[in-house]
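Everything on this sheet refers to the single structure shown next.
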Amino acid sequence: KKEAYKSNPDIDMERSKNNYHLVAPPKYTYKKEINRKVAEAGCRTRKDSVMMVETLITASPEFMNQLPPEEQKAYFQTALDFISERVGKQNILSAVVHMDERTPHMHL
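Numbers given in our numbering equal positions in the sequence shown, counted from 1, plus 11.
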């Protein structure tokens, strides 16, 4: 069982089971997967190179909480599709929707 998050008291552990992935995370750590992709592409990097960007997709609590669950899922899927078209689907390492906080949101 997950421990309570001291850094974020807004996480309701009872609702964590409702979190879901639209893109499953890599088998290994994000760092290993990013390094694999960089090597595969033959890119050279510097120690200060930006290797990953995280995006948070959300809306106001009032907007999100008035949507039925299927419309919330469609909202997050549409956002994922939009970003995937711009950065390439192969460059999305994970997309997880958090339903265990005050406002549903997606980490991409």
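We treat Cβ as the ideally placed atom computed from N, Cα and C, and that holds for glycine.
Suppose you measure from the CA of residue 12 to the CA of residue 110; what does that come to, to the nearest Å?
Taking the sequence shown and counting its residues from 1, one reaches residue 12 at position 1. Taking the sequence shown and counting its residues from 1, one reaches residue 110 at position 99. Because residue 12 sits at a pLDDT of 43, beneath the cut-off of 50, its placement in the model cannot be relied upon, and the following sentence gives the value as read from the coordinates. C-alpha separation (whole angstroms): 17 Å.
Can you tell me whether DSSP reads residue 12 as helix, strand or coil?
Start at 1 with the first residue of the sequence shown, and residue 12 comes out as number 1. No answer about residue 12 holds up, because its pLDDT of 43 lies below 50 and its placement is not dependable.
Per DSSP, what kind of secondary structure is residue 62 in: helix, strand or coil?
One-based indexing of the sequence shown puts residue 62 at position 51. If DSSP states are grouped into helix, strand and coil, residue 62 belongs with coil.
Going along the chain, which residues of its own chain have a beta-carbon closer than 7 Å to the beta-carbon of residue 95, five neighbours each way excluded?
By 1-based counting over the sequence shown, the position of residue 95 is 84. Closer than 7 Å at Cβ, skipping near neighbours: 103.
Could you tell me which of 34, 21, 118 and 24 sits nearest to residue 101, measuring between CA atoms?
Translated into positions along the sequence shown, residue 101 becomes position 90. That would be 34, whose Cα lies nearest to the Cα of residue 101.
For residue 115, which residues in the same chain have their Cβ closer than 6 Å to its Cβ, ignoring the five residues on either side in sequence?
Within the sequence shown, the letter at position 104 stands for residue 115. Within the same chain, residue 115 has close Cβ partners 75 and 83.
Can you tell me whether residue 103 is helix, strand or coil according to DSSP?
In the sequence shown, the residue the question calls residue 103 occupies position 92. Here residue 103 sits in coil by DSSP.
Taking the continuous beta strand (DSSP E) assigned at residue 91, which residues delimit it?
Residue numbering aside, residue 91 sits at position 80 when the sequence shown is read from its first letter. Residue 91 -> not in any beta strand (DSSP E); alpha helix (DSSP H) instead, spanning 80 to 98.
What's the gap between the Cα of residue 68 and the Cα of residue 53?
In the sequence shown, the residue the question calls residue 68 occupies position 57. In the sequence shown, the residue the question calls residue 53 occupies position 42. Spanning the two alpha carbons is a distance of roughly 31 Å.
Please list the terminal residues of the continuous alpha helix (DSSP H) segment that includes residue 121.
Residue 121 is absent from the model: the chain starts at 12 and stops at 119.
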